[in-house]
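In this text, residue positions in the sequence shown follow my numbering: the first is 69, and each later residue adds one. All C-beta atoms in this analysis are idealised placements derived from N, C-alpha and C, irrespective of residue type, glycine included. All values derive from a computational prediction rather than experimental measurement. Step one of this worksheet: look at the structure below.
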Amino acid sequence: MAGDSLSAVICVCFLVALQVTSGANIGHFWHVTDFHYDHTYWSEQLSCNDDVPQPGVFGDYWCDSPWRLVTDAIEAMTHIRSDVDFLVWTGDTVAHIHDDHLSVNINMDIMQNLTTAITKAFPNKTVYATFGGYYTRLTASGLRIVALNTNLYYTSDRQTPGHPDPAGQFQWFRTTMERANSTGEKVIVIAHIPPGLHTPRGTLWFQTEFVQPFNSILTQFAHNIVGMHFGHDHHDGFKIFYDAQVTPWRYKLPGQVGVPHNPAIRLVTFDRDTGRHLDIQQYYLDLPASNKQDQAGAETTANFTLLFTTAAAEQEGTAKVCNKTCKARILCGFKHYTMADFDACVSQQCDDTCPNSGAIVGK
Ligand SMILES: [Zn+2]
Ligand SMILES: [Zn+2]
69 MAGDSLSAVI CVCFLVALQV TSGANIGHFW HVTDFHYDHT YWSEQLSCND DVPQPGVFGD
129 YWCDSPWRLV TDAIEAMTHI RSDVDFLVWT GDTVAHIHDD HLSVNINMDI MQNLTTAITK
189 AFPNKTVYAT FGGYYTRLTA SGLRIVALNT NLYYTSDRQT PGHPDPAGQF QWFRTTMERA
249 NSTGEKVIVI AHIPPGLHTP RGTLWFQTEF VQPFNSILTQ FAHNIVGMHF GHDHHDGFKI
309 FYDAQVTPWR YKLPGQVGVP HNPAIRLVTF DRDTGRHLDI QQYYLDLPAS NKQDQAGAET
369 TANFTLLFTT AAAEQEGTAK VCNKTCKARI LCGFKHYTMA DFDACVSQQC DDTCPNSGAI
429 VGK
């Protein structure tokens, strides 16, 4: 049933997009995130969650990205559409490697390498990145980008709990939105950590105390905000009040191999006059197929596939692993942002027929 609902949502979005594109002043931007470049992929494989005896040239679903996957994704973007208005880049550039094996210098090198690769591929295009701090800029077509540092509200941040407004960001966000509202600007909000929970696991991303102040600004200025784009989640998702989130690779359910849930790059089509998002195209790389091609000596072109054309196949795959509890958790994750609200929603949806949460991934 969850699959049917998802299908309906996608179809509706697509029909709306078709209806409003004619005559509109169409623009595009790329949203990229969570490259997670593992510089040890060909040596210690420090990012890999399991043994990978035969690492593929393009990577493995158990690991973060080898450089080849990073550059291939960027190259694919230039082939798909190089003439974009701008790019949005929402962080997580280094690998999931313990701090003992990283240093500021290594991280800076990785950031530099990625920055160079992206700016070389998209010369003269503005990249709006979220690497700490907050700022706002106007795009050439007059859309306001508001970049936030939502890492301040992350459940893993030990410094910020108890502070009513870490780094004064809520105050700045509200003031910025008030100004945008007074001049009638449309706003795209970008940040790394998304509000709400990661589903179906139910991992909370925002500290509960920061949910209400954040959501109240969004609600107050919802008429100005045309889109919100986050990273970090490592799977595709939608929330009730924001547009979309994305990220690439290294997300895997136990026991599942090769399910194509490694979206990496997303092309957003929007109306330059209103900022309205008309369509989102999600691309991902089929790692096993690409790796196999390379081993067979074939052309090593990346096999990128449009998500919407494979949505049915993907849902079929999801249906095998997402039981009733899992579906309830995904649906509740669309609209609830605290653990208490989320749990209440799940138990309401679930009744006694749901397997317990320890078995959310079933057959
Ligand atoms: Zn990440
Ligand atoms: Zn992250």
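* Asked: Counting pairs of beta carbons, one from the segment 331 to 346 and one from the segment 137 to 154, are three or more of them closer than 8 Å?
  -> Yes, the segment 331 to 346 is in contact with the segment 137 to 154.
* Distance, Cα to Cα, Leu346 vs His169? -> Each residue's Cα considered, the two are about 43 Å apart.
* Asked: When you compare only the Cα positions, how much space is there between Trp135 and Asp106?
  -> CA-to-CA, the gap between Trp135 and Asp106 works out to about 7 Å.
* Apply the 10 Å Cβ neighbour rule to Thr244 and answer buried if 16 or more other Cβ atoms are within range, or exposed otherwise. => Under the 10 Å beta carbon count, Thr244 is surrounded by 16 or more other beta carbons and is classified as buried.
* In three-state DSSP terms, what is Tyr310? -> Bear in mind that the predicted position of Tyr310 carries a pLDDT of just 44, short of 50, making it too unreliable to give a figure here.
* Validate contact between the segment 219 to 232 and the segment 275 to 294 using beta carbons, cut 8 Å, 3 pairs -> Under the Cβ criterion (8 Å, minimum of three pairs), the segment 219 to 232 counts as touching the segment 275 to 294.
* To do: Might you give, ordered along the chain, the residues of its own chain that have their beta carbon closer than 6 Å to the beta carbon of His297, omitting 5 neighbours on each side?
  => Non-local C-beta neighbours of His297 in its own chain, meaning closer than 6 Å and more than five positions away in sequence, comprise His99, Val156 and Ile258, ordered along the chain.
* Have a look at the DSSP bridge pairing and note the partners of Gly95. => DSSP lists Phe338 as partners of Gly95.
* Can you round the beta-carbon distance between Ile178 and Val195 to whole angstroms, since I take them to be within the 8 Å contact cut? -> Taking the Cβ atoms as the reference, Ile178 lies roughly 16 Å from Val195, outside the contact range of under 8 Å.
* Alpha-carbon to alpha-carbon, Ala215 and His329 -> With a pLDDT of 39 at His329, under the threshold of 50, the modelled position of this residue cannot be trusted; read the value that follows with caution. Whole-angstrom Cα-Cα distance: 26 Å.
* To do: List the whole-angstrom C-beta distance separating Cys413 from Thr393, where the pair is believed to meet the contact cut-off of C-beta under 8 Å.
  => Not confirmed; about 12 Å, so no contact.
* To do: Give a yes or no on whether the C-beta atoms belonging to Arg269 and Asn93 are separated by under 8 Å.
  => For Arg269 and Asn93, no; Cβs fall outside 8 Å.
* Is any heavy atom in ligand 1 found nearer than 7 Å to the beta carbon of Gly127? -> Flag unset: Cβ of Gly127 not near ligand 1.
* Of the residues Ser358, Ile213, Gly127 and Tyr352, the one placed nearest Arg247, counting alpha carbons only -> Out of Ser358, Ile213, Gly127 and Tyr352, Ile213 has the C-alpha closest to the C-alpha of Arg247.
* **Rounded C-alpha distance that separates Arg242 from Lys360** => C-alpha separation (whole angstroms): 51 Å.
* Cβ-heavy atom distance between His147 and ligand 2 below 7 Å? -> Checking every heavy atom of ligand 2 against the Cβ of His147, none is found closer than 7 Å.
* Asked: Under a Cβ-count criterion, where at least 16 other Cβ atoms within 10 Å of its own Cβ denotes burial, should Pro229 be classed as buried or exposed?
  -> By the 10 Å Cβ count, Pro229 comes out exposed.
* Any heavy atom of ligand 1 closer than 7 Å to the CB of Gly343? -> Remark: the C-beta of Gly343 is outside contact range of ligand 1, defined as less than 7 Å to any heavy atom.
* Bridge partners of Arg205, per DSSP? -> Arg205 is bridged by DSSP to Ile213.
* **Closest residue to Thr158 among Ser171, Phe103, Thr204 and Trp110 (Cα-Cα distance)** => Considering only alpha carbons, the answer is Phe103.
* Asked: Of all the CB atoms in chain B, is at least one closer than 8 Å to the CB of Ser415?
  -> Protein chain content of the structure displayed is limited to a single chain, and chain B is not contained in it.
* Asked: Where in the segment 111 to 188 do unbroken runs of the alpha helix (DSSP H), each at least 4 residues long, occur, reported from the N-terminal end onward?
  -> Correct list: 135 to 148.
* Which residue comes first and which comes last in the beta strand (DSSP E) that contains Leu220? -> Note, Leu220: premise wrong, no beta strand (DSSP E); not H, not E.
* Indicate, with yes or no, if ligand 2 has a heavy atom lying under 7 Å from the CB of Asp225. => Not so, every heavy atom of ligand 2 lies at least 7 Å from the Cβ.
* Asked: Can you tell me whether DSSP reads Phe298 as helix, strand or coil?
  -> Residue state, collapsed to three classes: strand.
* **Residues of its chain near Thr139, where Cβ-Cβ distance is below 7 Å and the 5 sequence neighbours each way are ignored** => Contacts found: Ala185.
* **Sequence-distant residues of its chain with Cβ nearer than 6 Å to Arg205 (five each side left out)** => Sequence-distant partners of Arg205 (beyond 5 residues in either direction) whose C-beta falls short of 6 Å from its own C-beta, in its chain, are Ile213.
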